[in-house]
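Residues 1 to 162, numbered by full-length UniProt numbering, are exactly what the sequence shown covers, in order.
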Amino acid sequence: MNHSIVLSPNIGLAVVTLRGQISIADRALALDALLEQLEGQEIRSILMDMQEAQAVPESFQAASEFAQRLAGERRLRECRVAYLYGNASNANGVVEKLAEARQFRSRRFEVMSEAIDWLLTPRRTGTIPALPPQQEPEPPLAKVLARLKREAGLLKTATPQT
1 MNHSIVLSPN IGLAVVTLRG QISIADRALA LDALLEQLEG QEIRSILMDM
51 QEAQAVPESF QAASEFAQRL AGERRLRECR VAYLYGNASN ANGVVEKLAE
101 ARQFRSRRFE VMSEAIDWLL TPRRTGTIPA LPPQQEPEPP LAKVLARLKR
151 EAGLLKTATP QT
């Protein structure tokens, strides 16, 4: 199994690329390497590029244990994780479903641009507070300019003629 990890701290993205036949043990090794590289980084988006990978069939017990690890990993809980598959049949859907049942947040994609858009879209952390109402209406721009000119002595106030 081959894997590579590329960090882009300026946009907060890590890309993990897996190739060839991959087992859960291979995924665990890639996860260990990723977590080591994420230490001290402000990365909150992870793209698991598995377009060139084929998941090896595994036991339900092995899938459940790895899903438990994914869901329990503190660092991953702070991140969005996108799985990118070129062919959905190459995926190990059991691990993903078990991890999802344990509140692991991830999404599956077949198009790279959609995965990256989702990963880099700002997250809403709550409702956006409304602006407080203004005390008095804002004066028209012409009035503001006239007042500034008067204060600067550039505009003479008209004196009533009697």
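The beta-carbon is built from N, C-alpha and C at its ideal position, and this holds for glycine as well.
One or two residues paired with residue i in a DSSP bridge
i, result
"ILE5", "VAL16"
"residue 194", "Because the chain in this structure spans residues 1 to 162, residue 194 falls outside the shown range and cannot be described."
"ILE22", "ALA55"
Environment of residue i [buried if 16+ CB atoms lie within 10 Å]
i, result
"ASP117", "exposed"
"ASP49", "buried"
"SER45", "buried"
"ALA101", "exposed"
Residue i (DSSP reduced to helix, strand or coil)
i, result
"SER59", "coil"
"GLU114", "helix"
"ARG147", "helix"
"GLN54", "strand"
"ILE11", "coil"
"LEU141", "helix"
"ARG102", "coil"
Contacting residues, own chain, Cβ-Cβ under 8 Å from residue i (five flanking each side not counted)
i, result
"GLY126", "Unreliable placement is indicated for GLY126, whose pLDDT of 47 sits below 50; the coordinate value is still reported in the next sentence. Excluding sequence neighbours, GLY126 sits near nothing in its chain."
Sequence-distant residues of its chain with Cβ nearer than 6 Å to residue i (five each side left out)
i, result
"GLY86", "GLN51"
- Query: Any chance the region 85 to 101 sits against the region 50 to 58, with 3 or more Cβ pairs inside 8 Å?
  - Reply: Contact holds: three or more Cβ-Cβ distances are below 8 Å.
- Is the region 102 to 109 touching the region 65 to 81, taking contact as three or more C-beta pairs under 8 Å? yes
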